[in-house]
Structures are given as structure tokens and as C-alpha cells.
Ligand code: THU
């Protein structure tokens, strides 16, 4: 059965418990819904060598891509701040796989969330379209 946006937000919030963030103690969780209707979860995964840290969004998207499920309907992000927005690296990572109608949902609870498109959060981006133009 297709999950509602509220379901996805609840799954993301519940999944925050799996965050591996012993250094920052800042938990982030992400859920990807693909156009096929499958769900993939991700959390931030920190490392003693700090720069190796993987963000929750890239973790969830990597899981979908690794399953060969590349068409992204929605990505939900929730973290320990009121509204946890994706970092610049994750925005660029999203630009590779999201299309103009994919939804980026920044959620604090099912009663407090905002929905964006990629162009809202990463306008004038560099992506595969540039390479195709050459
Ligand atoms: N973090 C994410 O998982 N996603 C973001 O887009 C912002 C930052 C994580 C990385 C690190 O584990 C912690 O939040 C604090 O920066």
C-alpha cells in the first residue's frame, strides 16, 4: 500500500534512533520514497576521522540507488534541530537523482513540515544536464 506523507514522516522520526552520531550527538534521519513505491531509510553515520561522516540524506539515497531504484518521488529529512535542512553536499547529491517534481520534505513532526523542490533549495545547479549539453 502506498505510504502517505504522514507515514513517511513518522518512519523518518522513528528511524532517528539508528543515527550513529557519538561525536556531534546530533541525530538525522531520512526516508526516500521511490516512484515504484519502495521505501529506503538512512541515518547520519559519523566517524572518528570526522570528515568521513556520511549524512542521512546520502545514506538513504545510496540505499535506493544500490537497489537499482533510482526514480525518487519524495525524500523526508528530520533531525535534532527544529527544521534540519540538507547540507550543501547532500543538495548536490540530490541533484543527481531528483527530478523537477521530486519532493524534499523537511519535517519536525506530522504537524510541522515544509515541502520543497530541488530548484528551491539548489537553484542554478550544476548537474548531468550540463555534461549532456557539451
Ligand atoms: N548531517 C546530516 O546527516 N545531514 C545534513 O544534511 C546535515 C548534517 C549530520 C552530519 C553530522 O553527523 C551531524 O549532522 C552534525 O553535523
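Numbering (the working numbering), first residue to last: 3 to 136. Don't be surprised by glycine CBs; every beta carbon is placed ideally from N, CA and C. None of the values given here were measured: they were computed from a predicted structure.
| Asked | Found |
| --- | --- |
| Is the region 83-99 touching the region 50-69, taking contact as three or more C-beta pairs under 8 Å? | yes |
| Return the bridge partner residues of residue 105 from the DSSP annotation. | 76 |
| Using DSSP bridges, identify the partner residues of residue 115. | 109 |
| Give the single residue among 33, 36, 23, 35 whose Cα lies nearest to the Cα of residue 51. | 23 |
| Please say whether residue 120 and residue 96 have beta carbons closer to each other than 8 Å? | yes |
| Closer than 6 Å is what we want: which residues have a beta carbon that near any heavy atom of the ligand THU? List them in chain order. | 23, 26, 28, 30, 46, 48, 55, 57, 58, 59, 88, 89, 92 |
| Spell out the partners DSSP gives residue 133 in its beta bridges. | Looking at the DSSP assignment, residue 133 forms no beta bridge with any residue, so it has no partner. |
| Could you tell me which residues DSSP puts in a beta bridge with residue 67? | DSSP lists no partner for residue 67. |
| Do residue 109 and residue 11 have their CB atoms nearer than 8 Å? | yes |
| Hey, how far is the Cα of residue 14 from the Cα of residue 32? | 6 Å |
| By DSSP, does residue 61 sit in helix, in strand, or in coil? | helix |
| According to the neighbour-count rule (16 or more other Cβ atoms, all chains shown, within 10 Å of its Cβ), is residue 28 buried or exposed? | exposed |
| Please classify residue 44 as buried or exposed, where buried requires at least 16 other C-beta atoms within 10 Å of its C-beta. | buried |
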